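Q: In the numbering used here, the protein residues as written are 1143 to 1437.
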Ligand SMILES: [Zn+2]
């Protein structure tokens, strides 16, 4: 089968399904243009590259800043552009168009909130690994999370950026600051310790009430559709954390003879032998298969 035939087969499976479970990993946001190096990095972090010597946003997250003001000077730009600005390419919107009238649920390890921004119903989303848009106590002394849009916006404005049409813009000729003023450094409202982002990077990750509610909704969805024609659609999931999406999807497809498995991934599109006859695996960039790219 050539790629287009496979893509058509994948769409037919989704179209004919009673339920669609989407599992999305980092590769999906990459294909939507959320890249962490190159032009996008240069545009917002050229000054920090000169000052600190890192060459991509990912490394910037591990740099040992010598003050909280500098640490948040980096993170506020990072969070603003990766969480509050739209993805450069409309990949998520196109997926939404495919499934919006279906009985669907999304499970994702991405923390950039692209599904919700594209219109997906938040009652049908489970962000297992957290959200850049939430703060928590770094200790943590309590299990609550806090919306950070307002404070992150204040931080980027304090560096000298402007926000136009929800995009971060450097005023012409301006030199932006690489640090924020001390009064904007976020601290826990209960214990006064530093705040951190609500991300599952270590054992301090807070699973708040919203996290448990989403986990429960996902479990219920799977239960209710256990014996139906379910299409498990895996997009851009690599082998970093296969235990969250990839392996459970394989297992559930194997256990339900009516289910099918669709996998689109650059370099790692594969299905085990047991479910191969009900699988469509496409090795490629998801963006190549979206509506605006069908030629
Ligand atoms: Zn605290």
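Built from N, CA and C at the ideal position, the CB exists for glycine as well. All values derive from a computational prediction rather than experimental measurement.
Nearest by alpha-carbon distance to residue 1406: which of 1415, 1389, 1394, 1424 is it?
A: The option with the nearest alpha carbon to residue 1406 is 1424.
Q: Residue 1290 bridges to which residues according to DSSP?
A: Paired residue(s): none; residue 1290 is not in a bridge.
Q: Nearest to residue 1279 by CA position, among 1305, 1309, 1339, 1323, is which residue?
A: Checked all of 1305, 1309, 1339, 1323; the closest Cα to residue 1279 is 1339.
Q: Can you tell me where the beta strand (DSSP E) with residue 1333 in it begins and where it stops?
A: Note, residue 1333: premise wrong, no beta strand (DSSP E); not H, not E.
Q: Is the closest heavy atom of ligand 1 to the C-beta of residue 1332 under 8 Å?
A: Under cutoff, so the answer is yes.
Q: Between residue 1328 and ligand 1, is there a pair consisting of the residue's CB and a ligand heavy atom that are separated by less than 8 Å?
A: Not so, every heavy atom of ligand 1 lies at least 8 Å from the Cβ.
Q: Quick check: residue 1391 and residue 1374, are their CB atoms within less than 9 Å of each other?
A: Yes; because the gap between Cβ atoms is below 9 Å, this pair is in contact.
Q: Taking residue 1377 and residue 1166 to be in contact with their CB atoms under 8 Å, please state how far apart those CB atoms are, rounded to whole angstroms.
A: Right, the Cβ-Cβ distance comes to about 5 Å (below 8 Å), so this counts as a contact.
Q: Starting from residue 1389, trace the alpha helix (DSSP H) in both directions and tell me its first and last residue.
A: It spans 1388-1397 - the alpha helix (DSSP H) in which residue 1389 sits, taken as one unbroken run.
Q: Going residue by residue through the stretch 1200-1281, where are the continuous beta strand (DSSP E) segments of at least 3 residues, counting only ones entirely within it?
A: If we require 3 residues or more, the beta strand (DSSP E) runs fully inside the stretch 1200-1281 come out as 1246-1250, 1267-1269, 1272-1279.
Q: I'd like to confirm something about residue 1335: is its beta-carbon nearer than 8 Å to some heavy atom of ligand 1, or not?
A: Yes, ligand 1 has a heavy atom inside 8 Å of this Cβ.
Q: Using a threshold of 8 Å, is the CB atom of residue 1283 nearer than that to any non-hydrogen atom of ligand 1?
A: Yes; taking the cut-off as 8 Å, the Cβ of residue 1283 has a heavy atom of ligand 1 nearer than that.
Q: Count the other CB atoms within 10 Å of the CB of residue 1274; is the residue buried (16 or more) or exposed (fewer)?
A: Buried, because 16 or more other Cβ atoms sit within 10 Å of the Cβ of residue 1274.
Q: So, under 8 Å CB-CB, residue 1337 and residue 1328 are touching, yes? Tell me the CB distance rounded to an integer number of Å.
A: Contact holds; Cβ gap of about 4 Å.
Q: Can you name, in chain order, every residue of its own chain whose Cβ lies under 6 Å from the Cβ of residue 1396, other than the five neighbours on each side?
A: Here the set comprises 1416, 1417.
Q: Classify residue 1132 as helix, strand or coil using the three-state DSSP reduction.
A: No information on residue 1132 is available, as it lies outside the stretch 1143 to 1437 that the chain covers here.
Q: By DSSP, does residue 1311 sit in helix, in strand, or in coil?
A: DSSP places residue 1311 in strand when its eight states are reduced to three.
Q: CB-CB under 7 Å to residue 1437, same chain, minus the five flanking residues each way: which ones, in chain order?
A: Note that residue 1437 has pLDDT 41, beneath the 50 cutoff, so the model's placement of it is unreliable and the number below is only indicative. Contacts found: none.
Q: Per DSSP, what are the beta-bridge partners of residue 1402 in this structure?
A: Per DSSP, 1373.
Q: Is the beta carbon of residue 1279 within less than 8 Å of some heavy atom of ligand 1?
A: Yes - ligand 1 has a heavy atom lying nearer than 8 Å to the Cβ of residue 1279.
Q: Give the DSSP-derived three-state secondary structure of residue 1306 in the structure shown.
A: Here residue 1306 sits in strand by DSSP.
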